[in-house]
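If you're matching positions, the sequence shown starts at 4 in the working numbering and goes up one per residue. Glycine included, each C-beta is placed from N, C-alpha and C at the ideal position. Predicted model, so just to flag it, every value in this text is computed and none were measured. Written below as structure tokens is the structure these notes are about.
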Amino acid sequence: MRTSQPAAFSRLKLVAAGALVLMVGGCSGGTGAPGPTPSGNATSTPTAATVTPPPPATPQAGTGSPPAASTVPPAAATPAEEQLARLSLEQRVGQLFMVAAKATGAEPGTLEALKSYHAGNVYLSGRSKAGAAATADVVASLTATVSPETTGGLPLFVATDQEGGYVQVLSGPGFSTIPTAVEQAQAGPAKLRANAALWGKELVSAGINVNLAPVLDTVPSPDFAPSNAPIGRFQREYGYTPAQVSSLGNAFAQGMQDAGVDPVVKHYPGLGKVVPNTDVSRDVRDTATTRNDPALEPFNAAIRNGADWVMVSNAYYDKIDPAAIAPFSPVVMESMLRQDAGFTGIILSDDVCSAAQLEPWTDADRALNFFGAGGTMLVCADPTSIPAMYGAVLDRAGKDPAFRARIDAAALTVIRVKTGQ
4 MRTSQPAAFS RLKLVAAGAL VLMVGGCSGG TGAPGPTPSG NATSTPTAAT
54 VTPPPPATPQ AGTGSPPAAS TVPPAAATPA EEQLARLSLE QRVGQLFMVA
104 AKATGAEPGT LEALKSYHAG NVYLSGRSKA GAAATADVVA SLTATVSPET
154 TGGLPLFVAT DQEGGYVQVL SGPGFSTIPT AVEQAQAGPA KLRANAALWG
204 KELVSAGINV NLAPVLDTVP SPDFAPSNAP IGRFQREYGY TPAQVSSLGN
254 AFAQGMQDAG VDPVVKHYPG LGKVVPNTDV SRDVRDTATT RNDPALEPFN
304 AAIRNGADWV MVSNAYYDKI DPAAIAPFSP VVMESMLRQD AGFTGIILSD
354 DVCSAAQLEP WTDADRALNF FGAGGTMLVC ADPTSIPAMY GAVLDRAGKD
404 PAFRARIDAA ALTVIRVKTG Q
């Protein structure tokens with residue numbers, strides 16, 4: 004669905020062996036902002052998502068003689084399918100993880116995830132005031148891990164959270180000071196798109212090809228905004244109607260696309276109506292949003308505009324799937340995003356490693372539940388959680404053909420988005 008390949012990938016070239024050779028030298032999923040004191044208790048009993056294998060093929064009717072051979076030639080494999088075939092299962096699983104790296108410099112745990120657990124994606128977290136040149140050096144240290152042994156030569160997606168206002172990871176020389184979404188909206192769609200293109204070019208100069216923004220959550224009113232801990236309290240909303248959010252939030256997304264940066268629209272199906280913040284509170288529930296809610300329109304518009312990434316929130320949605328948080332819900336990810344909205348890109352989790360909402364589940368179950376319910380790529384703010392998550396997914400994929408099929412399909416989606424195919 005990409006309209007143009009990320010600028011960072013223009014410096015990479017596929018070679019016959021399937022490796023990618025560097026042509027030049029080398030939010031989190033959460034808010035990244037202060038939040039309220041954790042409170043609340045999870046009331047549901049966490050269970051791993053159940054994957055139902057497809058039914059066996061129906062035998063051909065007739066006299067019992069073997070069916071005639073098909074005269075239809077098999078479809079030729081696409082370049083993305085050929086690339087997938089060259090990856091080991093270990094490398095395919097690694098493509099489905101996005102691990103945090105401190106924006107001031109990657110720690111050993113992050114490098115271990117990239118080198119030993121084949122993680123194919125990374126995001127710069129925390130805060131750095133060192134500027135674009137220093138950030139480019141950090142990115143180069145991460146992209147240097149790419150090899151036929153680690154990622155099968157596939158390039159890294161390198162992301163950060165550059166919304167503006169309280170949520171701006173990168174600052175200093177070469178980076179603009181980006182205002183809050185409330186302030187951005189005052190520029191109007193055309194000017195905001197131009198501004199976002201400038202901010203996107205700054206990211207490209209530092210080697211960033213994915214921005215974990217914009218927020219497309221609709222806060223229902225200015226009066227409610229201060230009570231809406233994850234969004235309104237930090238002025239992350241582009242307006243108070245779905246139409247306003249759709250017009251302005253998607254102008255930001257299109258500006259990023261213009262610069263060659265993939266925007267990640269979030270937090271599907273919306274965090275504008277909750278009160279606590281899933282980063283620091285448990286059992287956070289949206290009691291109002293429905294499967295056909297008007298607040299879904301900004302996300303649907305982004306998908307129509309070619310967005311390749313949608314981040315799901317960590318909240319429960321009582322009128323959609325009260326038994327499962329969104330990243331564990333096939334209703335949210337498969338029925339709503341894939342079927343209702345026709346989304347074919349990367350379904351990205353919010354951080355599932357450090358958020359308080361996820362405390363009832365083990366690291367292994369978090370990963371198994373997410374991929375079992377239809378997720379594509381898991382965001383992990385704590386690199387020390389990667390070994391358990393990766394190991395659980397690898398083990399299940401080796402034993403369960405239906406789960407393996409999900410992993411292969413997710414890895415193919417990531418490859419298609421990475422290579423623009």
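Does residue i pass the burial test, meaning 16 or more other C-beta atoms within 10 Å, or should it be called exposed?
| i | result |
| --- | --- |
| P176 | exposed |
| G191 | exposed |
| A376 | buried |
| D282 | buried |
| N212 | buried |
| D226 | exposed |
| R307 | exposed |
| T113 | buried |
| N253 | buried |
| K132 | exposed |
| S31 | Caution is warranted here: a pLDDT of 38 is assigned to S31, below 50, making its placement in the model unreliable, and no coordinate value can be reported. |
| P229 | exposed |
| P386 | buried |
| S357 | buried |
| Q342 | exposed |
| E166 | buried |
| S388 | buried |
Taking 9 Å as the threshold (C-beta atoms), are residue j and residue i in contact?
| i | j | result |
| --- | --- | --- |
| S91 | G156 | no |
| T379 | L201 | no |
| G134 | S174 | yes |
| V142 | A209 | yes |
| I350 | V313 | yes |
| L371 | S352 | no |
| S249 | L219 | yes |
| L159 | V149 | yes |
| S316 | Y271 | yes |
| F374 | R409 | yes |
| T153 | G97 | yes |
| T293 | A83 | no |
| D264 | L206 | The sequence shown places Val at residue 264, not Asp. Cβ distance < 9 Å, so V264 and L206 count as in contact. |
Under the DSSP definition of a beta bridge, which residues are partnered with residue i?
| i | result |
| --- | --- |
| A104 | L127 |
| T416 | Partner(s): none; T416 has no beta bridge. |
| G167 | V170 |
| M314 | L351 |
| V268 | V313 |
| Y319 | R288 and I328 |
| F160 | N124 |
| N214 | T163 and P266 |
DSSP three-state call for residue i: helix, strand or coil?
| i | result |
| --- | --- |
| R294 | coil |
| L381 | strand |
| D437 | Lying before the first or after the last residue shown, residue 437 is absent from the chain, which here runs from 4 to 424. |
| V185 | helix |
| F302 | helix |
| A391 | helix |
| N280 | coil |
| V222 | coil |
| P245 | helix |
| F227 | coil |
| A344 | coil |
| T153 | coil |
| G112 | helix |
| L99 | coil |
| V18 | In this prediction, V18 has a pLDDT of 28, which is less than 50 and means its spatial position is unreliable; what the coordinates show is noted afterwards. V18 falls in the coil class under three-state DSSP. |
| K194 | helix |
| D411 | helix |
| S250 | helix |
| K132 | coil |
| G177 | coil |
| A370 | helix |
Is residue i close to chain D, meaning its C-beta is less than 9 Å from at least one C-beta of that chain?
| i | result |
| --- | --- |
| R239 | Among the protein chains of the structure shown there is no chain D, as only one such chain exists. |
Nearest to residue i by CA position, among the options, is which residue?
| i | options | result |
| --- | --- | --- |
| K269 | Q260, S284 and A305 | A305 |
| Y319 | S388, L87, E84 and K276 | K276 |
| P182 | R239, M336, L219 and A147 | R239 |
| E110 | G394, H121 and L127 | L127 |
| A298 | K204, A246 and T146 | A246 |
| P214 | A256, P325 and A326 | Position check: residue 214 holds Asn in this sequence, whereas Pro was assumed. Answer by Cα proximity: A256. |
| D311 | K322, N295 and T347 | T347 |
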